[in-house]
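Everything on this sheet refers to the single structure shown next.
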Amino acid sequence: MKVLQIANYKPGTGGISGQVEKIHACLDAEGVDNSIFSVKGSVWYRIKSFFKLFQTGRNYDVFHIHTCSHGGFISAVIGVTVGRRLKKRIVLTYHGGSGEVFFEKHTRFVKRFLLRTDTNIVLSGFLGAVFKKYGIPCVEIPNIIELDESKFVEREVVTPKFISVRSLEPLYNVECILLAFQKVKRVIPEATLLVLGGGSQREDLEEMVSENDIRDVTFTGRVDNSQIYDYLNQADIMLSAPRIDNMPVSLLEAFNAGLLVISSNVGGVPFMIEDGKTGLLFESDNADELAEKMIQAVKEPEKTRLMIKSAHATLGKYSWNKVKEKLFPVYGI
């Protein structure tokens, strides 16, 4: 059995690429022959990759395609088309939180490809409901995370050290985090905020911090995924404020590192976090509520520490041993 993962893949960037790398490493450890085929690049590169996949794909039994909405759907277009021509088993994992909007706008186009796979995988019940609405069969298999107890740092004291680990793009709404942090600083002057990631909004966000004289905010730029725990260990509380999301691995990494997660209540996030039990949720784009939750997390350290431990205890279902029980039958192993 040989598996070829097909994705808009870029090494060391996290997100979909991070999951592709984790699956690759786990399959290697299991002795399963597997490789990664990237369709990420210019239009001309993607045209060439279509023909290249015909040659490369002949040597594999399973095409595992990782795709998402909008431009990211190109991996599905290329992978399903070539896979069907070569008569391969096609497994497709749909990532990202904007599936419903994309499906509604491009229903016939999406179905043309998702109804030609052998199995579609969704990461949570959130996207599962979207697939059901449009009559597209799917199974639920979550993202995986490397469980490593050495990464977990127990917080004896909860300090107002906050961190954001999302790209600086409008979708992830880091502006909301900065507005909330500004409010928190008035109550907890010693609070700090570490902002990881690059993106089209970085200059605007840095200018916003400067113009509003928001102190103790540090922008790091893009960080290689291999360094993520080094940065997580510099904080006690992770903030995430996306307008749309599905199943962000960054939240699982925060659970693994022993941070409290405060996130907007969107998409698949409430399938990962039970408000008040394994983290804190706030309504999307509500900086006032986010600020209140941030202050609450610091002012009520015992509750925060209990939520951190409860969140860490949920990670078992995202382990490779659990995921492979569902993934291997899909592959036909």
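Just so we're aligned: 45 in numbering that gives the first Met the number 0 is position 46 of the sequence shown, and the numbers increase by one with no gaps anywhere. We put the beta carbon where it would ideally sit given N, CA and C, even for glycine. Everything numeric in this text was worked out from a predicted model, so none of it was measured.
At the level of alpha carbons, what is the spacing between residue i and residue j?
i: valine 79; j: glutamate 301; result: 50 Å
i: lysine 182; j: aspartate 287; result: 8 Å
i: glutamate 252; j: glycine 13; result: 11 Å
i: aspartate 215; j: serine 209; result: 11 Å
i: aspartate 212; j: arginine 221; result: 23 Å
i: serine 41; j: proline 169; result: 23 Å
i: proline 188; j: glycine 71; result: 42 Å
i: isoleucine 15; j: proline 159; result: 30 Å
i: leucine 52; j: valine 81; result: 7 Å
i: arginine 107; j: glutamate 99; result: 13 Å
i: glutamate 202; j: serine 37; result: 30 Å
i: aspartate 223; j: serine 249; result: 13 Å
i: asparagine 320; j: leucine 314; result: 12 Å
i: glutamate 155; j: lysine 308; result: 12 Å
i: arginine 45; j: glutamate 153; result: 46 Å
i: arginine 185; j: valine 268; result: 29 Å
i: leucine 122; j: lysine 298; result: 34 Å
i: alanine 190; j: phenylalanine 180; result: 8 Å
i: threonine 219; j: arginine 84; result: 45 Å
i: histidine 69; j: glutamate 103; result: 12 Å
i: glycine 266; j: alanine 310; result: 18 Å
i: glutamate 206; j: alanine 6; result: 35 Å
i: threonine 217; j: glycine 278; result: 24 Å
i: tryptophan 43; j: alanine 75; result: 17 Å
i: glutamine 233; j: arginine 111; result: 47 Å
i: glycine 331; j: lysine 323; result: 12 Å
i: isoleucine 22; j: alanine 28; result: 10 Å
i: alanine 128; j: valine 61; result: 26 Å
If residue i sits next to residue j, beta carbons under 8 Å apart, how far is it from one beta carbon to the other, in whole angstroms?
i: phenylalanine 151; j: asparagine 255; result: 6 Å
i: valine 157; j: aspartate 235; result: 5 Å
i: isoleucine 143; j: tyrosine 8; result: Incorrect: roughly 16 Å between the Cβ atoms, too far for contact.
i: glycine 198; j: serine 166; result: 4 Å
i: histidine 263; j: alanine 296; result: The question names histidine, but residue 263 in the sequence shown is serine. Rounded, the Cβ-Cβ distance is 15 Å, inconsistent with contact.
i: methionine 306; j: lysine 325; result: Their Cβ separation, rounded to whole angstroms, is 28 Å, which puts methionine 306 and lysine 325 out of contact at 8 Å.
i: asparagine 119; j: aspartate 284; result: Rounded, the Cβ-Cβ distance is 31 Å, inconsistent with contact.
i: leucine 177; j: leucine 204; result: 6 Å
i: glycine 124; j: phenylalanine 270; result: 6 Å
i: lysine 86; j: tyrosine 59; result: Their Cβ separation, rounded to whole angstroms, is 12 Å, which puts lysine 86 and tyrosine 59 out of contact at 8 Å.
i: methionine 246; j: proline 136; result: Not quite, the Cβ-Cβ distance comes to about 19 Å (not below 8 Å), so this is no contact.
i: valine 109; j: phenylalanine 101; result: 7 Å
i: valine 329; j: valine 138; result: 7 Å
Thinking just about the alpha-carbon of each residue, which of the options is nearest to the one in residue i?
i: lysine 39; options: Pro169, Tyr317, Ile64; result: Ile64
i: leucine 192; options: Tyr8, Asn7, Val129, Tyr230; result: Tyr230
i: isoleucine 35; options: Ser48, Glu20, His311, Cys25; result: Glu20
i: glutamine 4; options: Tyr44, Ile77, Thr12; result: Ile77
i: asparagine 33; options: Val2, Arg107, Asn232, His105; result: Val2
i: alanine 312; options: Val322, Arg88, Gly257; result: Gly257
i: alanine 24; options: Ala310, Val329, Leu280, Glu145; result: Glu145
i: phenylalanine 281; options: Arg242, Glu155, Glu103, Val31; result: Arg242
i: glycine 17; options: Ile227, Gly266, Ala310; result: Ile227
i: glycine 56; options: Glu103, Thr217, Met0, Asp27; result: Met0
i: threonine 303; options: Gly266, Ile272, Leu259, Glu273; result: Leu259
i: proline 10; options: Asp147, Ser225, Glu273; result: Ser225
i: cysteine 175; options: Val61, Asp27, Ile261, Gln54; result: Ile261
i: lysine 47; options: Val61, Ala28, Asp27, Ile73; result: Ile73
Who pairs with residue i in a beta bridge, going by DSSP?
i: arginine 88; result: Val61
i: glutamine 4; result: Ile35, His63
i: leucine 280; result: Ser262
i: lysine 160; result: Thr191
i: glutamate 139; result: Val121
i: valine 216; result: Leu192
i: methionine 237; result: Ile162, Val260
i: tyrosine 93; result: Thr66, Val121
i: aspartate 274; result: Gly278
Could you confirm whether any beta carbon from chain B is found closer than 8 Å to the beta carbon of residue i?
i: lysine 39; result: Checking the listed chains, one finds no chain B in this structure; it contains a single protein chain.
Query raised in the report: Would the region 187-201 and the region 108-120 be scored as touching if the rule is three or more Cβ pairs under 8 Å?
Result: no
Query raised in the report: Taking one C-beta from the region 121-134 and one from the region 289-303 each time, how about it: are there three or more such pairs within less than 8 Å?
Result: no
Requested in this report: Please confirm if the region 94-114 is in contact with the region 54-70, defined as three or more CB-CB distances below 8 Å between the two stretches.
Outcome: yes
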